[in-house]
Each structure stands twice: as structure tokens, then as C-alpha cells.
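Quick notes on the structure that follows.
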Amino acid sequence: MMPRWLVPLVLLAIAAALPFGVSTYYVQFIGKAFIMGMLAMALNLAVGHGGMVSICHAAFFGLAGYVLALMSPGYDPASLVLTLPVAAAASGFVALVIGALALRTRGAYFIMVTLAFGEMMFFLFHDTDIAGGSDGTYVNAKPEIAIAGHRLLDLASPLAFYYVVLALLIATIVLLTVLLRSPFGHALAAARDNERRARSLGFPVYRIRLTAFAISGAIAGVAGYFATAQFGFVAPEMLGWHLSATVLVMVLIGGLRSVTGPLVGALVLIGLEEVLKASTDYWKLAEGLIVILIVLSMPNGVRQLWPLIFGATGDAATRPARVPAEANHV
Amino acid sequence: MDLVTFGVQLLNAVQYGMVLFLVASGLTLVFGILGVINLAHGAFYMLGAYLAYWIATYTGSFALAMAGGVAIAFVVGLLLETVFIRRLYGRDHLAQVLLSFGLILSIDEAREILFGKDVHSVAPPAWLAGSFQLTDNLSYPVYRLAICAFCLVVAALIFLVVTRTRIGMIVRAGAENREMTRVLGIRFDVVNRYVFAVGIALAALGGIVVAPVSTVFPGMGDGMLILSFVVVVLGGIGSVAGAAIGALLIGLTDTFGKVFFPSVSSVLIYVLMAAVLLWRPNGILGRREV
Numbered sequence: 008m009m010p011r012w013l014v015p016l017v018l019l020a021i022a023a024a025l026p027f028g029v030s031t032y033y034v035q036f037i038g039k040a041f042i043m044g045m046l047a048m049a050l051n052l053a054v055g056h057g058g059m060v061s062i063c064h065a066a067f068f069g070l071a072g073y074v075l076a077l078m079s080p081g082y083d084p085a086s087l088v089l090t091l092p093v094a095a096a097a098s099g100f101v102a103l104v105i106g107a108l109a110l111r112t113r114g115a116y117f118i119m120v121t122l123a124f125g126e127m128m129f130f131l132f133h134d135t136d137i138a139g140g141s142d143g144t145y146v147n148a149k150p151e152i153a154i155a156g157h158r159l160l161d162l163a164s165p166l167a168f169y170y171v172v173l174a175l176l177i178a179t180i181v182l183l184t185v186l187l188r189s190p191f192g193h194a195l196a197a198a199r200d201n202e203r204r205a206r207s208l209g210f211p212v213y214r215i216r217l218t219a220f221a222i223s224g225a226i227a228g229v230a231g232y233f234a235t236a237q238f239g240f241v242a243p244e245m246l247g248w249h250l251s252a253t254v255l256v257m258v259l260i261g262g263l264r265s266v267t268g269p270l271v272g273a274l275v276l277i278g279l280e281e282v283l284k285a286s287t288d289y290w291k292l293a294e295g296l297i298v299i300l301i302v303l304s305m306p307n308g309v310r311q312l313w314p315l316i317f318g319a320t321g322d323a324a325t326r327p328a329r330v331p332a333e334a335n336h337v
Numbered sequence: 036m037d038l039v040t041f042g043v044q045l046l047n048a049v050q051y052g053m054v055l056f057l058v059a060s061g062l063t064l065v066f067g068i069l070g071v072i073n074l075a076h077g078a079f080y081m082l083g084a085y086l087a088y089w090i091a092t093y094t095g096s097f098a099l100a101m102a103g104g105v106a107i108a109f110v111v112g113l114l115l116e117t118v119f120i121r122r123l124y125g126r127d128h129l130a131q132v133l134l135s136f137g138l139i140l141s142i143d144e145a146r147e148i149l150f151g152k153d154v155h156s157v158a159p160p161a162w163l164a165g166s167f168q169l170t171d172n173l174s175y176p177v178y179r180l181a182i183c184a185f186c187l188v189v190a191a192l193i194f195l196v197v198t199r200t201r202i203g204m205i206v207r208a209g210a211e212n213r214e215m216t217r218v219l220g221i222r223f224d225v226v227n228r229y230v231f232a233v234g235i236a237l238a239a240l241g242g243i244v245v246a247p248v249s250t251v252f253p254g255m256g257d258g259m260l261i262l263s264f265v266v267v268v269l270g271g272i273g274s275v276a277g278a279a280i281g282a283l284l285i286g287l288t289d290t291f292g293k294v295f296f297p298s299v300s301s302v303l304i305y306v307l308m309a310a311v312l313l314w315r316p317n318g319i320l321g322r323r324e325v
């Protein structure tokens, strides 16, 4: 049995060596899975660590893609150093605004409000002709880092793209780990586990949650930026709530309390989708039933979530989830 | 805008709001009694419209389509409650969200297998097919007025049942204090099953009623789901009267938004929602407690 600290290093070595062992298709496929993993980890900062079940993270994801598309100069590559921070900041800012409103509510209300605001972003790009309306728009050249016309990094190369995504994935893991081990992370967990107690200890619960929500949105934006760069295309569907819910499934599969769990969940779900798509025309039916099965067959794993959402109040597991008045006073 | 055009738009707004109320009242009932947040609610709206198309095509009768669609949805609701939804009581909202998302994927695919993914239209019943001539170049379809009247009747029925009958008393008591109601000997396993089936049937009924005035298409449930959520957030969870207020507000905002501010109309209802959240986070008729 190898020592615990060795596991991530071995996994990293495998990930780094991967492009030399598999075809370009799979390099891109794994890259895509990593991007979704980044999105799932970002979402889990809100859901698992912050106790905020959000169904609008696809909106932050897609918005960053639109920022890249709008900032790309025609057929020339955009500057990565310029566009990535702007895209992440835009997503973070929208998350801040949506979070500021949604966090006035709790429980089921929060879910509905995030869902609705996420769809607002969808309709914003779907119904207006900001960037191609419902057809979406192309990003013709992949972003690059260039100094004085000299290319330092060109994402058009699949290999370079893969390593950049891998580096960002690691950066996300490190950032989230550091964040969650900091006093801020402990305060966030405290607010999740018992909001009333955290409040009476003097923690600014609303502000802590909002900060976490905005950071989570910004990281989702980084993921969306690279997803758009990889596909070379962005469409309103990228902001739609079906994607948000799918990422939520990834989070559930991977586990809510860890940083890297959702990454595993993303790899599992994307791998599963690939297998299902190859084996049946009705893969969505199969996926839907599998999702239902996962939810129903992991009652204990999922029940741990209860205190995450409502704070620990007595024998919460036996209490039905419904009346908002109850959900609100804990 | 002259008076006639205004009147026509007002009728449209009310008609839209009424249908929205039908669907959202089902959602709010299910949430209020079962404590289950059902994302698949919109899928049943879509399913209702496809069932109406299917039955109307084979039998040629809209009345049959309506009765058959509602009956099928009701039975499907009973089955789903028994097989899946029952296992969600007392589970966290995340589990409910994801299970109902799984249901959406399955229902969407089942629809594609059964009915395909084509866009359809349904003819209104012949005796409601005409339209009123308002001015020389302005007319109003009779069927839209019929929708208003029909929804009013259904809404009145819902209110009567909820406020005047023993069943409604149980429903209200359950929404207010479930433990106490159970202690008084109410069997919630039975109540839940029928409330869920009624909720689903209301969603399907909404889809059936609008089938003749809008097109029947695969994604129609998604838009309705979001709107129903906004209605519930506006009105307050579990409150049928709140749902009525929320639905009318959205009908008015959306219809007149399209007339006066066409470029931003799709965002207006969310602005309305944001305003209500700032003013009363628990909805207009929700209990004030945060």
C-alpha cells in the first residue's frame, strides 16, 4: 500500500503522461472531462461546503464563454492574459449579484431563485442578438499568450491546451483546499452546519456565503472560458439549467465533503455518458434512470447533506422537508 | 395604444396568467403538502400537450383529449409517487432536485420514443374555433376566451376544495403543521399520493389547454417550469392564493413588457422577481420570517 501523500503524485504523473499514451481524440476528451471537473469542484464550493444548492452555475460557465467570444477579434486569436481575467471577473460579478438576491432566501426558495436567475441569463443570450441569439457564435481562433507578436503559448495545439487545463485543474484544487482550510473556510462550514450558532458567534454569515458563491462563480467562469476555447463555439444551451443539474449530479456522485470528489464524479459521469451514447440511441433514458438509482440507492450518503442545508436541528433526518418557516429559523 | 388593443392585450395577459396559475398551483400544492421540490413538473406540462395532440389526432375530439390526457397524467402521477417520490419524503432538497432531474431525462426520452420530437399543433374544438371581430382588422379568438373561462372555473374549484371541504382542510393542516396533523390521525401516505397525482394532472391540464393556441414542442416544459417557480417565489411557497397573484403578475408583466419594452421583455419577469425578493424574501403571501 503506498503512502497517502504519494497518491496525488502518482495520479498527477499519470495525467501528465497521458497525451503520450492515447490518441488526440482522447486527449481532448479527457481535457473536456477535466474542465467539467473544474466546474463541478467550483459548484461544490457552494453546494457541499457552503450548503447552497445552486442550479445556476451553468450561467456563470457559459457567460465566461460569451465574454471570450465577444472579446475575440474576428479571425485572430484573443489574448489569454487579457480575456481570461475579464471572463472570470464577469462570471464572479454576476454570481455576486445573483447570490446577493438569492441568499436572502433559504432551502427550496434558494434552489428556485437560482434556477430562475440562471434561466434569465439563458434568455438574455437566447432572445437578444448580443452574440448570435439562439444560434450561438463561433470563436474562430483559440486564445494565445503573445509578447510583441511572439507566441509564447498557443492553445490551438491540443497538447498545449491539455497541459494548460491540467495546470488550471491543479491550481483549482490547491486554491479550494487552501480556501477551505483557512479561517474563511471554517466559517463557511460553520454557517452551513449551524447557521444560528455561527451568527451568534458573530460571523457575518450572509457575507461569507456571498463571497464563497462569487468565488465559486468565478472558477466556474474559468472552466467555461476553456470549454468555449476548446469547442470554438458558444451557444445559449451552455448557460441552460440542464447543464447546471448535470453538474450537480457529478457533485453528488463524487461526494459533497471533499474538494476533489466532484472531479471524480465528473470523470465518472462523462465516461458513463460516452459509454451510453455509444451503446444505445436512448442514452438519456438510461442516464435518467441511473441518476434516479444513484439518488435512491445512496440514502445515507445523501442524508448527510441534511444538516448542510438546514443546519443541525434535532432529529432532522426524520423530519420532512417542506415548510419554509421551519427551514428559515434554523 | 388605443383602448381596443389595450383590452386585447389585457385579455392575453389574463389568459396567460390563468394557465400559469393552473400549472403553478399544482407545483405549489405538491411542495406545500409533500415537501418535495419537483423539477419534473414542467415535463408533465409538455407531456399533457403531447397527449392532447396524440388523442386528438386519433379520435378527432378535443374533449376526449382533455379527459384522456388528464386521466393518464393522474395515473402516471399515482404510479410515480408509489415508485419514486415516496422515497424522497424527509430527504434533502438536493436529492429531490436530482431525482426529478432524472425523471425529466427519462420522460423526455420516453416522449421521443412515443411521440417523436416534431412540433405539432392541435385544433381547438369546432364550436370554439371562431373569433370575435372587434374592429375592421382586429379579431379575438373565441378559444382564448374559453381558456380564461375554463381556468376561472378550475381555479374556483381549487379554491372551493381547499377552503371549503374536509380534504382541503387536511391539505391546509398538512401544509401548516404536518406532525400535528399526523398525530390527529390523518394518513399522509394516502394524502400524499393523491395530492401528487392532482398536481401532475394540473400541470398536464395546463399543457392540454394551451395546446391549441401555442405549438406543441419538446422544450415547452422547461420554460413553463421556470415560470412556475417564479410564480411560486412571487406568491409564497404552498400558498394557492399566492400562486394566483404571482401568476397574474407575471402574465401582466410579460404581455405588457412585450408591448412596451420588446427588447428587454424576456428579462422583465426576473426583474420583478428580484424586486419581490428584496421586498419580501418569502413571497408576497409567504410567512414573514427570515
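Heads up: the sequence lines are chains F and Y, in that order. When we follow my numbering, the leftmost residue of the first sequence carries the number 8, and every step to the right adds one. When we follow my numbering, the leftmost residue of the second sequence carries the number 36, and every step to the right adds one. Positions of the beta carbon are idealized from the N, C-alpha and C atoms, including for glycine.
Min CB distance Y/P316 to chain F below 8 Å = yes
ask   = Roughly how far, in whole angstroms, is the beta-carbon of F/A40 from the beta-carbon of F/I277, given that I think they are within contact range, below 8 Å?
value = 5 Å
ask   = Counting pairs of Cβ atoms below 8 Å between the segment 116-134 of chain Y and the segment 57-75 of chain Y, do you hit three or more?
value = yes
request  = Please report the residue range of the beta strand (DSSP E) in which Y/L163 lies.
outcome  = Unbroken run through Y/L163: none, as it is neither H nor E.
Segment contact, 8 Å Cβ cut-off, at least three pairs: the segment 193-207 of chain F with the segment 67-77 of chain F = no
key: Segments of 4+ residues assigned as alpha helix (DSSP H) that fall wholly inside the segment 69-145 of chain F   = 87-109 and 114-134
key: Interfacial residues, the segment 291-304 of chain F to chain Y, with Cβ spacing under 9 Å   = K291, L292, A293, E294, G295, L296, I297, V298, I299, L300, I301, V302 and L303
task = Could you name the residues that DSSP lists as bridge partners for F/A153?
result = F/R158
According to DSSP, residues forming a beta bridge with Y/V251 = Y/H155
task = Return helix, strand or coil for Y/Y124, following the three-state DSSP convention.
result = coil
task = Alpha carbon to alpha carbon, how far is Y/A59 from Y/L138? Give it in angstroms, no decimals.
result = 19 Å
task = Report yes if the CB atom of F/A273 is closer than 8 Å to the CB atom of F/M43, and no otherwise.
result = yes
ask   = Taking one C-beta from the segment 162-172 of chain F and one from the segment 20-37 of chain F each time, how about it: are there three or more such pairs within less than 8 Å?
value = yes
Interfacial residues, the segment 98-115 of chain F to chain Y, with Cβ spacing under 7 Å = L108, R111, T112, G114 and A115
query = Hey, is the segment 296-315 of chain Y in contact with the segment 127-144 of chain F, meaning 3+ C-beta pairs nearer than 8 Å?
reply = yes
Nearest-angstrom beta carbon gap, Y/V189 and Y/L57 [assumed within contact, 8 Å] = 6 Å
ask   = Between the segment 86-105 of chain Y and the segment 273-288 of chain Y, do three or more beta carbon pairs fall short of 8 Å?
value = no
request  = Please list, in chain order, all residues of the same chain as F/M128 whose beta carbon is under 6 Å from its beta carbon, the five residues on each side excluded.
outcome  = A66 and L246
query = Among residues of its own chain, excluding the 5 on either side of F/I118, which ones have a beta-carbon nearer than 7 Å to its beta-carbon?
reply = V60 and I62
request  = For the alpha helix (DSSP H) holding F/Y289, just list the boundary residues, first then last.
outcome  = Per DSSP, F/Y289 belongs to no alpha helix (DSSP H) and is neither H nor E.
key: Beta-carbon spacing of Y/G52, Y/G286 below 8 Å   = yes
query = Below 8 Å between beta carbons: does that hold for Y/G167 and Y/Y175?
reply = Note that residue 167 of chain Y is Phe in the sequence shown, not Gly. Taking 8 Å as the Cβ cut-off, Y/F167 and Y/Y175 qualify as a contacting pair.
message = Spatial neighbours of Y/F119 within its chain, please: C-beta separation below 8 Å, excluding the five flanking residues on both sides.
response = L134 and L138
ask   = For F/F240, does the three-state DSSP call read helix, strand or coil?
value = strand
Residue from F/V256, F/I222 and F/Y32 with nearest C-alpha to F/S98 = F/I222
task = Kindly say whether F/Y289, judged by its beta-carbon, lies nearer than 8 Å to any beta-carbon of chain Y.
result = yes
inquiry  = Tell me which residues share the same chain as F/W248 and place their Cβ nearer than 8 Å to its Cβ, disregarding the 5 neighbours each side in the sequence.
reply    = I62, C63, A65, L122, G125, E126 and F129
message = Is it buried or exposed, F/D288, if we count other Cβ atoms within 10 angstroms and call 16 or more buried?
response = exposed
message = I'd like to confirm the pairing. Which residues does DSSP put opposite Y/S174 in its beta bridges?
response = Y/Q168
ask   = How long is the line joining the alpha carbons of F/I180 and Y/V65, rounded to whole angstroms?
value = 40 Å
task = List the residues of chain B whose Cβ lies closer than 9 Å to the Cβ of F/V60, in chain order.
result = Judged by its chain identifiers, the structure shown contains no chain B, and its protein chains are F and Y.
key: Straight-line gap, Y/G165 to Y/A87 (C-alpha atoms, nearest Å)   = 20 Å
inquiry  = Helix, strand or coil, according to DSSP, for F/L13 in the structure here?
reply    = helix
request  = Return the chain-ordered ranges of every alpha helix (DSSP H) run that is complete within the segment 286-315 of chain Y and spans a minimum of 4 residues.
outcome  = 300-314
query = Between the Cα of F/F191 and the Cα atoms of F/G106, F/P211 and F/A174, which residue gives the shortest distance?
reply = F/P211
ask   = From this set, F/R11, F/L91 and F/R204, which residue's C-alpha is nearest F/L175's C-alpha?
value = F/L91
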